[in-house]
Amino acid sequence: MHLAQLNVGHLRAPLESPEIADFVAALDPVNRLAEEAPGYVWRLKGGDGPQDVVHHDYGDYLLINFSVWEDRDSLWDFVYRSAHLGFLQRRREWFQRVAEPYSVMWWIPRGHVPTLEEGMERLGLLKAQGPTPEAFTFKQFYESSEAAWRPAAAEVRK
0 MHLAQLNVGH
10 LRAPLESPEI
20 ADFVAALDPV
30 NRLAEEAPGY
40 VWRLKGGDGP
50 QDVVHHDYGD
60 YLLINFSVWE
70 DRDSLWDFVY
80 RSAHLGFLQR
90 RREWFQRVAE
100 PYSVMWWIPR
110 GHVPTLEEGM
120 ERLGLLKAQG
130 PTPEAFTFKQ
140 FYESSEAAWR
150 PAAAEVRK
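Residue 0 is where the sequence shown starts when you use numbering that gives the first Met the number 0, and the numbers rise one by one after that.
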């Protein structure tokens, strides 16, 4: 099993604005850092340019980060034990504070490429039900042995 993670952030201003310039400048280096990190498997890309943002229909100021990792430790090390941490600590400069969950994880079979719809559904599950083996967080984590993988409703409808 691999660990999928999705997090969303509501930008304080458009990507082109001076208030967000430091964040935009960091996108390419941080994305490269993730791709070179031990345990990295995949990430959803919005293009090949330095702003490489994922385009979607979930709102103009909603920024999405979606990736797959070998395991919890690999993701944890990238998030909290790499240069990524410095940017994470500055998130309030660029993103609005939200009271609802903005980050979700779930286990997927090796080789499965999750869709954005699947990720948003998992985030919705976390918001509606709290942490479960199908949608959880670092703080309330479920091991792959506890998570009986099921395809997202969007995948079942195909």
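All C-beta atoms in this analysis are idealised placements derived from N, C-alpha and C, irrespective of residue type, glycine included.
query, result
"For residue 104 and residue 3, believed in contact at Cβ under 8 Å, the rounded distance", "7 Å"
"CB contact flag (residue 112, residue 68, <8 Å)", "no"
"Endpoints, the beta strand (DSSP E) within which residue 8 is located", "1 to 9"
"Where residue 137 sits in the DSSP three-state scheme", "coil"
"Beta-carbon proximity list for residue 126, same chain, < 7 Å, skipping 5 on both sides", "99, 100"
"Proximity to residue 9 [Cα-Cα], best of 60, 34, 33", "60"
"Collapsed DSSP secondary structure at residue 16 in the structure displayed", "coil"
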